[in-house]
Amino acid sequence: MARASCYKWLNRIPTDDDKLNKTLLEEMENLHQKVNAIYVGRRMTMNMNRQFDPSLITNVFIVL
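Mind the numbering: the sequence shown is residues 1 to 64 in full-length UniProt numbering, read in order.
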């Protein structure tokens, strides 16, 4: 990979999807801490689906 490509990627402007994914990840981390790390997998997904559109959650789990 070219060095210029790395710097271009590091300095890119975040897209709306990037911002949404960051928001969802922060919300997941907050929930994880709130329930003392007992929610994983299915329970986390169910809880997040109640708050957000389920298709968004699937995309975030793919990113993780």
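Cβ coordinates follow ideal geometry from the N, Cα and C atoms, glycine included.
Can residue i and residue j be called in contact, C-beta distance under 8 Å?
i	j	result
residue 56	residue 31	no
residue 46	residue 28	no
For the alpha helix (DSSP H) containing residue i, name the first residue and the last one.
i	result
residue 11	Element bounds for residue 11: n/a, residue is neither H nor E.
residue 46	42-51
residue 15	First-last for residue 15: undefined, no H or E at that position.
Counting only C-beta atoms, is residue i closer than 8 Å to chain B at any point?
i	result
residue 9	In summary, chain B is missing from the structure at hand, where a single protein chain is found.
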